[in-house]
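Structure, as structure tokens:
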Amino acid sequence: MGTFIRGGGLQKSDFTTDGFPCIHYGQIHTFYKTYAYETISYTSNELAAKLKHAKYGDLIIATTSEDVDGCCKAVAWLGGNEVAISGDSYIFRHNQNPKYISYLFQTDMFLKYKRMAATGTKVTRVSGDSMKKFVFPIPPLDEQERIVAILDSFETLVNDLTAGLPAEIEARRKQYEYYRNKLLTFKKIA
Numbered sequence: 002m003g004t005f006i007r008g009g010g011l012q013k014s015d016f017t018t019d020g021f022p023c024i025h026y027g028q029i030h031t032f033y034k035t036y037a038y039e040t041i042s043y044t045s046n047e048l049a050a051k052l053k054h055a056k057y058g059d060l061i062i063a064t065t066s067e068d069v070d071g072c073c074k075a076v077a078w079l080g081g082n083e084v085a086i087s088g089d090s091y092i093f094r095h096n097q098n099p100k101y102i103s104y105l106f107q108t109d110m111f112l113k114y115k116r117m118a119a120t121g122t123k124v125t126r127v128s129g130d131s132m133k134k135f136v137f138p139i140p141p142l143d144e145q146e147r148i149v150a151i152l153d154s155f156e157t158l159v160n161d162l163t164a165g166l167p168a169e170i171e172a173r174r175k176q177y178e179y180y181r182n183k184l185l186t187f188k189k190i191a
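With this note's numbering applied, the sequence shown closes on residue 191, and no number is skipped along the way.
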């Protein structure tokens with residue numbers, strides 16, 4: 002289904018205010034969500050030339066964490082430019098819907114695999130060789146797109162207060178009006 006490419010050679014001390022876009026594995030834990038279109042960090046073009054680059058649609062996976070749950074947190078790269086990645090991360094290059102694969106990395110099924118493959122006590126890691134052995138159901142691309150559309154809607158409701166909260170308030174207001182009208186007209190509620 003795809004290939005894993007290990008990153009390396011990028012430290013936080015290599016960040017610059019401009020230059021080549023980059024993602025450090027620690028930022029995947031603290032800043033990025035399911036997918037990203039732009040980075041918050043850059044590095045010099047000289048260093049970037051020596052690093053591994055994620056392309057549009059690739060998954061960038063942080064394979065190191067303090068615990069198993071944090072291991073293998075992934076972000077689908079949807080930006081227009083390539084992005085350099087750090088060590089303790091992998092690129093997963095594939096031919097599937099990138100958001101679908103990123104959502105798949107958040108499932109209980111994936112957590113089960115992570116728990117079996119994780120190594121280390123103080124710092125937990127999952128290797129690319131281990132991830133190659135994980136088996137998942139992969140529906141056709143049109144079904145992946147349908148699933149992604151549904152999950153994107155839920156993610157917006159949950160994570161985007163400007164969109165989610167007003168929509169939820171409006172839904173509850175309509176629900177209240179419906180029940181108020183039914184109850185106060187003494188009509189049977191179906």
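For every residue, glycine included, the Cβ atom is placed at its ideal position computed from N, Cα and C.
Original post:
What does a CB cutoff of less than 7 Å around GLU169 pick up in its chain, not counting 5 residues either side in sequence?
Top reply: Taking the sequence shown and counting its residues from 1, the one referred to as residue 169 is at position 168. Excluding five sequence positions before and after GLU169, the CB atoms of its chain that fall closer than 7 Å to its own CB belong to LEU158, given in chain order.
**OP:** Check each candidate in GLY20, ASP15, LYS74 and THR64 and name the one with the smallest Cα separation from PHE32.
**Re:** Position 31 of the sequence shown holds residue 32. Of the candidates GLY20, ASP15, LYS74 and THR64, the one whose C-alpha sits nearest the C-alpha of PHE32 is LYS74.
Subject >> Whether GLY8 touches GLY58 by CB criterion (8 Å) >> reply: The residue you call residue 8 lines up with position 7 of the sequence shown. The residue you call residue 58 lines up with position 57 of the sequence shown. Contact flag unset, no.
Subject >> Candidates LYS115, THR122, ILE139 and LYS51: closest to GLY129 by CA position >> reply: Taking the sequence shown and counting its residues from 1, one reaches residue 129 at position 128. Closest by alpha carbon: LYS115.
Original post:
Would TYR101 count as contacting chain B if we go by Cβ distances under 8 Å?
Top reply: This model lacks chain B altogether; it includes just one protein chain.
Original post:
How is the beta strand (DSSP E) around ALA75 delimited, first residue to last?
Top reply: Mapped onto the sequence shown, residue 75 falls at position 74. Element bounds for ALA75: 74–78.
Original post:
Just how far apart, CA to CA, sit THR44 and THR35?
Top reply: For the purposes of this step, residue 44 is identified with residue 43 of the sequence shown, where counting begins at 1. For the purposes of this step, residue 35 is identified with residue 34 of the sequence shown, where counting begins at 1. THR44 and THR35: Cα-Cα distance of roughly 23 Å.
Subject >> Sequence-distant residues of the same chain with beta carbon closer than 7 Å to VAL69, five excluded per side >> reply: As a working mapping, residue 69 is identified with position 68 in the sequence shown. Closer than 7 Å at the Cβ level, and outside the excluded window around VAL69, lie LYS115, ARG116, ALA119 and THR125.
Original post:
Where does PRO22 fall in DSSP's three states?
Top reply: Counting from 1 along the sequence shown, the entry for residue 22 is found at position 21. Strand at PRO22.
Subject >> Three-way DSSP call (helix, strand, coil) for GLY9 in this model >> reply: Taking the sequence shown and counting its residues from 1, one reaches residue 9 at position 8. Correct three-state label for GLY9: coil.
Original post:
Any idea what DSSP makes of LEU60, helix, strand or coil?
Top reply: As a working mapping, residue 60 is identified with position 59 in the sequence shown. In the structure shown, LEU60 sits in a strand (DSSP, three-state: E or B).
Original post:
Shortest alpha-carbon distance to THR4 belongs to which of LEU48, ASN98, TYR38 and LEU60?
Top reply: In the sequence shown, counting from the first residue as 1, residue 4 sits at position 3. Nearest C-alpha to THR4: LEU60.
Subject >> Range of the contiguous beta strand (DSSP E) that encloses ALA85 >> reply: Working through the sequence shown from its first residue, we reach residue 85 at position 84. Per DSSP, ALA85 belongs to the beta strand (DSSP E) from 84–86.
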